[in-house]
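S.K.: The following block contains the structure, expressed as C-alpha cells.
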Amino acid sequence: MNQTLDATGLLATDRCDRCGAQAYVRVRLASGGELLFCGHHAKEHEDALRQVAADIHDETERLAPASASAPSDER
Ligand SMILES: [Zn+2]
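Structure representation (C-alpha cells):
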C-alpha cells in the first residue's frame, strides 16, 4: 500500500522488539514512536498494530521469495 521511497528501509542490524530476530517490518506509531518486528511477530500483532500505526513499512516479501517450484530435496 505505502510504496513511498524514503529512508525507512530496514537493515540487517534492525531487530525485532519481541524476539531479537532480524526485523522486516517497521511500524511508525501515531504517537510518534517506532517499533520493529520480524515477519512472525509482525503477523502475530498485525491487527493491534494497524490500530495504532501511522505507517507500516513491510519488507516481509523479502523473507519469502515467490518460489512455488522450490526444490524438495529435504525429507
Ligand atoms: Zn520477533
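Going letter by letter, the sequence shown gives residues 1 to 75 in this note's numbering. Heads up, the beta-carbon is just placed ideally off N, CA and C, and yes, glycines get one too.
List in chain order: all unbroken alpha helix (DSSP H) runs of 4+ residues lying wholly within the segment 30–71.
M.R.: For the segment 30–71, whole alpha helix (DSSP H) runs of length 4 or above, ordered along the chain, are 39–44 and 46–52.
S.K.: Suppose you measure from the CA of residue 61 to the CA of residue 31; what does that come to, to the nearest Å?
M.R.: Cα-Cα distance, rounded: 27 Å.
S.K.: Can you give me the Cβ contacts of residue 18 inside the same chain, cut-off strictly under 7 Å, excluding the 5 residues immediately before and after it?
M.R.: Result list for residue 18: 37 and 41, in chain order.
S.K.: On the premise that residue 26 lies in contact with residue 10, defined as a C-beta separation below 8 Å, what is that separation, rounded to the nearest angstrom?
M.R.: That pair is a contact at about 6 Å.
S.K.: Distance check for residue 13 and residue 46, CA to CA, integer angstroms please.
M.R.: Cα-Cα distance, rounded: 22 Å.
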